[in-house]
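**Q** So that we are looking at the same thing, I have put the structure below in structure tokens.
Residue numbers (our numbering), protein chains in the order written: chain A, -14 to 462; chain B, 181 to 722.
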């Protein structure tokens, strides 16, 4: 089996280099078996960590083809490119994990020995399976752009905060370690070998505790009071989408389906045109769209920032609005709203992203448009909803010049853009470099926050997928 | 003396698994303590991989006496009674320590500590955290350690213990870059774990190389019962590189059944009363026999099945097993696991008193590196308890050691340096030597043993010991030293297996007919001390 391994020895004064190795391994060998073969048969000086061989100690995390994995669990494949985690490097695949370990909080025992209950144990358990492999630290986009200490550090703070035996003030500590820097992009969950849901189960919970103590960021507090006052996270400046649109949009010709449409605050009040375009795309595809006017903010900005007191009210109003409209399917065009309705609501109707829906029901092929396009996966669509294929199907139907770009958070989510704009810009700058490499003239996405932010950091025109489809349809005349 | 990197402390702990960390947090209350790990503290060793549980008597139906008896019987009465008494009577308080430090073990509905049945025990005595009990124990200890003043030295390998003529007083170390160092101390604790890695097929982590046996032996400590190597009945069989991976006893504890390829629950033939929850030595021999007699799978295993259990029970009680097998394309909720015995635990090791003292002044030991607690066969759930009970005791005793003036034996350091230098002129790669050793041990010193095979192994291991190991860079130094340690351990296992002319515990001699039972055996411990070995004859039982 041929693999490429990144080698590095600081003593030589040379920069890291990729070396190809050809080793013989047994069937179903893991990456670790390949590393062993390189050491045992080619270079005994090759450095990498390993210990339990069974995914339980977290020693052997490396990046394979760019993604953090445990070498002992990942099946090796011909052509794999093996690199160290993105941490300060010591030699070959060995990184300096000491600074990360130093941030891991320990239990501050009181003297009253408060006993723990079964219920508390069950709550702590999901946060306890961490094997400290530091894959999440390697993959987190916020760390390089801020003082954020990282996902597993927050996980440990929440684990301690849930434990009655611990007497430390974990909220102040978490804030000091960058609690508000997480964009909730969920990359850490994707790479975690134990699938620990740190953003939902630790970060949002710690932020909620911080909110109870009035420790939320000023911008988040302002946003929360705006939502409580107006039901919207965006101030009304011009005619909103809901003010412009009829209650029902009838399609041309045969009605293929009837759906409800959830617009979201950004598309309702800040960038209205893409929402109007999406309506036209649905209409042209034979979809009847019902738009309840009493729908409100989905609550995502509140849940992500921990100021979730008003969320039950929003949930009730939104569910009531669509139940009253009598639809069994609700379409979103905002990744954040879609993810929130799917994951934080218990809805009596189906929620689908527009890309998901069009691919499911089938869509009219548009004319190809001019220009080169790349696609930015919104985190809340890719990881929040598991959607990556459908937007690409739509894109390829409307352009012959689609350039792929690896997924990475743009920096806008999780209340970071409103609360810590400089950090959002720093994460965005990394994304802008990646965009530049594609050479694309336009960025396509399915999220108004990503759109807004990416435009700021790249200066490029951004198109929502519906608007691009509509261009193609219009070209057909 | 060429070594510039010198540190001093009161207590030096070598090894960073459950016993080492427990010892360190106890010793710290007496003075400056350093813990050295050849891996990363908390990741190394086998504690973190322990799945099943921690035995402790916690309820009224159970008793310390019953735990004592189960352990003695399970251990083929080769155990040191005073150590077993200590284990049984202190395990409850050690689990309470863990709870007071933040352990997240499973609780019952009434908020008492949950317990499940394990092999060879008459009560449900095994406390657990799902099937990652060892991981939970280590995480708890790490939270305690990180809040302590213990100095943690990661990726530092101990090459030799320092001895001033009267007592052990430190160690010669080697870091990741191959730089030598000296750590001097008033007392030293060995908590280096076992040596499953001397076998081809093992549950052990790659750190399970038995360095402590070698360090202790070279420093003059007495070792006992090195032939007693537990083969865990249920190790993975496929894929090849995964062979030996532990399938926890909790699988059988939860109700898993063993079947041969004829579909027979064969344990009815070997231990009809206890069936799958018989002791590990018996279940391992049963599986080995089924396979030898042609009723095994083509891969040389048998079937372990939980598919009759409720899916939810498998998902909540055995999540690691479920996920590991899913990674290899087997859904244990629907299909059986293919299993075979795998080298697991060394019951033998450095002889200690209940205070965790070795036979060498100021040298203490705890955990798998010691011998005598588990006799000829360890009960599931007793190893984690052992780490905590004797880890604490070693920390206490070492902490209380008087402070002494340091005399460093310059000749010893010079000798070490010369020896290390000689590796550059060696001829054979350590990886090749290790591979040969593992195969020899697996083929000749496994579950069923006889003098002929053992003599072959003895000769082959000696040959390997006489092969000069070769390194090219100082960074490979630890590898060479560890390889020599492993060969020494292999040698002692073979010596013990030859000395013990009986079948007892995990040690089965097919070439010896015996008239005695475990209880009436005329033999006591095998023993090994620098160039001398033998077996105790119990006059009263002759």
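Built from N, CA and C at the ideal position, the CB exists for glycine as well. Note that the coordinates shown come from a computational prediction; the quantities given were computed from them, not determined experimentally.
Which value, in whole angstroms, describes the spacing of the CA atoms of residue 341 of chain B and residue 380 of chain B?
**A** Sequence index remark: in the second chain, residue 341 of chain B carries index 161 (1-based). Sequence index remark: in the second chain, residue 380 of chain B carries index 200 (1-based). Straight-line Cα distance between these residues: approximately 28 Å.
**Q** With distances taken from CA atoms, which of A:193, A:-3, A:135 is nearest residue 292 of chain A?
**A** Residue mapping note: residue 292 of chain A aligns to position 307 of the first chain, counting from 1. Measuring from the Cα of residue 292 of chain A, the nearest candidate turns out to be A:193.
**Q** Whether or not the segment 388 to 398 of chain B and the segment 527 to 545 of chain B are in contact is what I'm after, with contact meaning three or more pairs of Cβ atoms, one per stretch, closer than 8 Å; do they touch?
**A** yes
**Q** Whole-angstrom Cβ separation of residue 11 of chain A and residue 419 of chain B, contact assumed at under 8 Å?
**A** Taking the first residue of the first chain as 1, we reach residue 11 of chain A at position 26. Taking the first residue of the second chain as 1, we reach residue 419 of chain B at position 239. With a Cβ gap of about 7 Å, residue 11 of chain A and residue 419 of chain B count as contacting.
**Q** For residue 271 of chain B, is the classification buried or exposed, using 16 other Cβ atoms within 10 angstroms of its Cβ as the cut-off for buried?
**A** Translated into the one-based positions of the second chain, residue 271 of chain B becomes position 91. Residue 271 of chain B is buried by the Cβ-count criterion.
**Q** How far does the alpha helix (DSSP H) with residue 366 of chain B in it reach, from first residue to last?
**A** Locating residue 366 of chain B in the second chain gives position 186, counting from the first residue. Careful: residue 366 of chain B lies outside any alpha helix (DSSP H), inside the beta strand (DSSP E) at 360 to 370.
**Q** Fully enclosed by the segment 569 to 649 of chain B, which alpha helix (DSSP H) runs are 4 residues long or longer?
**A** 590 to 602, 610 to 624, 631 to 645
**Q** Is it the case that the segment 181 to 193 of chain B contacts the segment 305 to 321 of chain B, given that we only count it when at least three CB pairs across the two stretches are under 8 Å?
**A** no
**Q** Which partner residues does residue 742 of chain B have in the DSSP bridge list?
**A** A question about residue 742 of chain B goes unanswered here, because the residues of chain B that appear run from 181 up to 722.
**Q** Do you know how far the Cα of residue 255 of chain B is from the Cα of residue 434 of chain B?
**A** By 1-based counting over the second chain, the position of residue 434 of chain B is 254. By 1-based counting over the second chain, the position of residue 255 of chain B is 75. Their backbone Cα atoms lie some 23 Å apart in a straight line.
**Q** Which residues bound the beta strand (DSSP E) around residue 293 of chain B?
**A** By one-based count along the second chain, residue 293 of chain B stands at place 113. It is not in any beta strand (DSSP E) - residue 293 of chain B carries neither H nor E in the DSSP assignment.
**Q** For residue 342 of chain A, count neighbouring Cβ atoms within 10 angstroms of its own Cβ and tell me buried if that reaches 16, exposed if not.
**A** Looking up residue 342 of chain A in the first chain gives position 357. Here residue 342 of chain A is buried, its C-beta having at least 16 other C-beta atoms within 10 Å.
**Q** Can you list, in chain order, the residues of its chain with a C-beta nearer than 6 Å to that of residue 417 of chain A? Leave out the 5 residues immediately preceding and following it.
**A** Here the question's residue 417 of chain A lines up with position 432 in the first chain. 442, 443.
**Q** Residues in its own chain within less than 7 Å of residue 151 of chain A by CB, not counting five upstream and five downstream?
**A** Your numbering for residue 151 of chain A matches position 166 in the first chain. The residues are 92, 93, 145.
**Q** Answer with yes or no whether the minimum CB distance from residue 372 of chain B to chain A is below 7 Å.
**A** One-based indexing of the second chain puts residue 372 of chain B at position 192. Answer no: the Cβ-Cβ gap between residue 372 of chain B and chain A never drops below 7 Å.
**Q** According to DSSP, simplified to helix, strand and coil, what is residue 89 of chain A?
**A** Here residue 89 of chain A is taken as the residue at index 104 of the first chain, counted from 1. Three-state DSSP puts residue 89 of chain A in coil, outside helix and strand.
**Q** Could one say the Cβ of residue 44 of chain A lies closer than 7 Å to chain B's Cβ atoms, at least one of them?
**A** On the first chain, residue 44 of chain A is found 59 positions in, with the first residue counted as 1. With 7 Å as the cut-off, residue 44 of chain A counts as an interface residue toward chain B.
**Q** Compute the Euclidean distance between the alpha carbons of residue 466 of chain B and residue 441 of chain B, then round it to the nearest angstrom.
**A** The residue labelled residue 466 of chain B in the question sits at position 286 within the second chain. The residue labelled residue 441 of chain B in the question sits at position 261 within the second chain. The straight-line gap from Cα to Cα measures roughly 14 Å.
**Q** For residue 37 of chain A, go through chain B and note every residue whose CB falls closer than 7 Å to its CB, in chain order.
**A** Residue numbering aside, residue 37 of chain A sits at position 52 when the first chain is read from its first letter. Near residue 37 of chain A (Cβ distances below 7 Å), the residues of chain B are 228, 229, 385.
**Q** I'd like the ranges of any alpha helix (DSSP H) spanning at least 4 consecutive residues and lying wholly in the segment 472 to 515 of chain B.
**A** Contiguous alpha helix (DSSP H) elements confined to the segment 472 to 515 of chain B occur at 491 to 497, 499 to 507, taking only those with 4 or more residues.
**Q** What residues of chain A sit near residue 647 of chain B, judged by a beta carbon separation below 7 Å?
**A** Walking along the second chain from the start, residue 647 of chain B turns up at place 467. The premise fails here: residue 647 of chain B is roughly 16 Å from chain A at the closest Cβ pair, so nothing lies under 7 Å.
**Q** Would residue 243 of chain A count as contacting chain B if we go by Cβ distances under 7 Å?
**A** For the purposes of this step, residue 243 of chain A is identified with residue 258 of the first chain, where counting begins at 1. No, because no Cβ of chain B sits closer than 7 Å to the Cβ of residue 243 of chain A.
**Q** So, residue 172 of chain A versus residue 134 of chain A, is the Cβ gap smaller than 7 Å?
**A** Position 187 of the first chain holds residue 172 of chain A. Position 149 of the first chain holds residue 134 of chain A. Contact: no.
**Q** Which residue marks the beginning of the beta strand (DSSP E) containing residue 340 of chain B, and which one marks its end?
**A** What you label residue 340 of chain B is simply residue 160 of the second chain in a count that begins at 1. Element bounds for residue 340 of chain B: 336 to 343.
**Q** Using 7 Å as the limit for Cβ to Cβ distance, is residue 419 of chain A near chain B?
**A** Residue 419 of chain A sits at position 434 when you count from the first residue of the first chain. Not an interface residue.
**Q** Return the chain-ordered list of same chain residues with a C-beta closer than 6 Å to the C-beta of residue 149 of chain B, the five sequence neighbours on each side being excluded.
**A** In the structure as shown, chain B starts at 181 and stops at 722, and residue 149 of chain B therefore has no counterpart that could be examined.
**Q** Would you give the residue range spanned by the alpha helix (DSSP H) that residue 348 of chain A belongs to?
**A** Working through the first chain from its first residue, we reach residue 348 of chain A at position 363. Residue 348 of chain A -> no alpha helix (DSSP H), and no H or E assigned at all.
**Q** On the premise that residue 337 of chain B lies in contact with residue 218 of chain B, defined as a C-beta separation below 8 Å, what is that separation, rounded to the nearest angstrom?
**A** As a position in the second chain, residue 218 of chain B is number 38, starting the count at 1. As a position in the second chain, residue 337 of chain B is number 157, starting the count at 1. That pair is a contact at about 4 Å.
**Q** Between which two residues does the beta strand (DSSP E) holding residue 285 of chain B run?
**A** Here residue 285 of chain B refers to the residue found at position 105 when the second chain is read from its first residue. Counting along the chain, residue 285 of chain B falls outside any beta strand (DSSP E), and DSSP gives it neither H nor E.
**Q** Could you spell out where the alpha helix (DSSP H) holding residue 201 of chain B opens and where it closes?
**A** To locate residue 201 of chain B, count along the second chain from 1; it is residue 21. Unbroken alpha helix (DSSP H) run through residue 201 of chain B: 198 to 207.
**Q** Residue 108 of chain A lies in the beta strand (DSSP E); which residues open and close that run?
**A** As a working note, residue 108 of chain A is residue 123 in the first chain. Counting along the chain, residue 108 of chain A falls outside any beta strand (DSSP E), though it belongs to the alpha helix (DSSP H) covering 103 to 109.
**Q** Do the CB positions of residue 479 of chain B and residue 431 of chain B come within less than 7 Å of each other?
**A** The residue labelled residue 479 of chain B in the question sits at position 299 within the second chain. The residue labelled residue 431 of chain B in the question sits at position 251 within the second chain. No, Cβ-Cβ distance for residue 479 of chain B and residue 431 of chain B is not below 7 Å.
**Q** At which residues does the alpha helix (DSSP H) containing residue 307 of chain A begin and terminate?
**A** Stepping through the first chain from its first residue, residue 307 of chain A is reached at position 322. Here the alpha helix (DSSP H) through residue 307 of chain A covers 296 to 310.
**Q** Give me the chain B residues within the contact set of residue 102 of chain A, using Cβ-Cβ distance strictly less than 9 Å, ordered along the chain.
**A** Locating residue 102 of chain A in the first chain gives position 117, counting from the first residue. The answer, in chain order, is 287, 291.
**Q** Tell me which same chain residues have a C-beta within less than 6 Å of the C-beta of residue 392 of chain B, skipping the five on either side of it?
**A** Translated into the one-based positions of the second chain, residue 392 of chain B becomes position 212. Closer than 6 Å at Cβ, skipping near neighbours: 370, 372, 549.
**Q** Where does residue 488 of chain B land, buried or exposed, given buried means 16+ other C-beta within 10 angstroms?
**A** Stepping through the second chain from its first residue, residue 488 of chain B is reached at position 308. So residue 488 of chain B ends up on the exposed side.
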